[in-house]
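Remember, our numbering sits 1325 above the position in the sequence shown when you count from 1. Backbone N, C-alpha and C define an ideal beta-carbon position, used for all residues, glycine too.
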Amino acid sequence: MSDSVKNIFIIFIGAVVFIYSCNHSKLFKSDKVKGYGYTFVIPAGWEKSAELSHEGKYSDPETMTRTIVLIPVDQKSRKGGPNTTISLSSKKLERSFWIEDEFPLIINALTNQGFRIIQKGEIKINEQLSKWVLYQDMGTAQLTLDFYMISENNIFYEIKMITDPENFDKYRPSFEELKSTFKSKMLSF
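Dropping the structure here:
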């Protein structure tokens, strides 16, 4: 084998090793996540813990609920698991719904399940009307901050943070940061 072929082979192997190591490091990885019908940026100090799909017994896979769960890195090795999570869920609805009509039903369901409603309201996220509620589980004392939206093409979105009361103020800025990067997109079916 000539010296020029050896040099090209060595350069080729070096390039392959470099590309492989870059792909397995954080050097070129983005914190932007694509969910079903949306994108968002993972806040600093958080990481993706799980991606889940919830499908009913007779459910069409097209209408299953898809959820991405994030946890704070500082709770990753916490004994008993993390006590704080942020999750984003989306589901294609089988028929048209409007959040203005559904929100009172959501509040009623939470109240009927024994949750204490602390605050509720509405805000626009990505130019889309969102209803939100902060409620407490009376059994565990955990707080849940929940934002709900329904897009023009009938995608139901839920952005949720669950945490202990003493950690709420610590993690709320990360939740707000994530919420500010949330972008829904039109899906074609």
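Can you tell me the Cα-Cα spacing of Asp1471 and Arg1420, whole angstroms? In the sequence shown, counting from the first residue as 1, residue 1471 sits at position 146. In the sequence shown, counting from the first residue as 1, residue 1420 sits at position 95. Those two C-alpha atoms are separated by around 23 angstroms.
Please identify the residue among Lys1404, Ser1509 and Pro1498 whose C-alpha is closest to the C-alpha of Tyr1473. Position 148 of the sequence shown, counted from the first residue, corresponds to residue 1473. The shortest CA-to-CA distance from Tyr1473 to any of Lys1404, Ser1509 and Pro1498 is the one to Ser1509.
So if DSSP puts Asp1471 in a beta bridge, which residue, or which two residues, is it bridged to? Translated into the one-based positions of the sequence shown, residue 1471 becomes position 146. Note: Asp1471 sits in a beta bridge opposite Val1458 and Lys1485.
Look at the alpha carbon of Ser1412 and the alpha carbon of Ile1367, and state the distance between them as a whole number of angstroms. Counting from one through the sequence shown, the residue named residue 1412 turns up at place 87. Counting from one through the sequence shown, the residue named residue 1367 turns up at place 42. If you take the alpha carbons of Ser1412 and Ile1367, they lie about 11 angstroms apart.
Counted within 10 angstroms of its Cβ, other Cβ atoms place Ser1400 as buried (16 or more) or exposed: Locating residue 1400 in the sequence shown gives position 75, where the first residue counts as 1. In the sequence on display, residue 1400 carries Gln and not Ser. So Gln1400 ends up on the buried side.
So is Ser1505 buried or exposed if we call it buried at 16+ other beta carbons inside 10 Å? Position 180 of the sequence shown, counted from the start, is the residue given in the question as residue 1505. Its Cβ having fewer than 16 others within 10 Å, Ser1505 is exposed.
Thinking C-beta only, is Ser1402 closer than 8 angstroms to Gly1360? Stepping through the sequence shown from its first residue, residue 1360 is reached at position 35. Stepping through the sequence shown from its first residue, residue 1402 is reached at position 77. No, the pair does not count as a contact, with Cβ atoms beyond the cut-off.
Based on Cα-Cα distance, which residue from Ser1327, Ser1378, Ser1455 and Leu1395 lies nearest to Val1358? To locate residue 1358, count along the sequence shown from 1; it is residue 33. Among Ser1327, Ser1378, Ser1455 and Leu1395, the Cα nearest to that of Val1358 is on Leu1395.
Can you name, in chain order, every residue of its own chain whose Cβ lies under 6 angstroms from the Cβ of Leu1459, other than the five neighbours on each side? In the sequence shown, counting from the first residue as 1, residue 1459 sits at position 134. Excluding sequence neighbours, Leu1459 sits near Ile1443, Gln1444 and Leu1470.
Can you tell which of Ser1374, Tyr1363 and Asn1433 has its C-alpha closest to the C-alpha of Asn1408? Taking the sequence shown and counting its residues from 1, one reaches residue 1408 at position 83. Nearest option by C-alpha distance: Ser1374.
Determine whether the beta carbon atoms of Pro1490 and Ala1466 lie at a separation below 8 angstroms. In the sequence shown, residue 1490 corresponds to position 165, counting from 1. In the sequence shown, residue 1466 corresponds to position 141, counting from 1. Yes, they are a contact pair.
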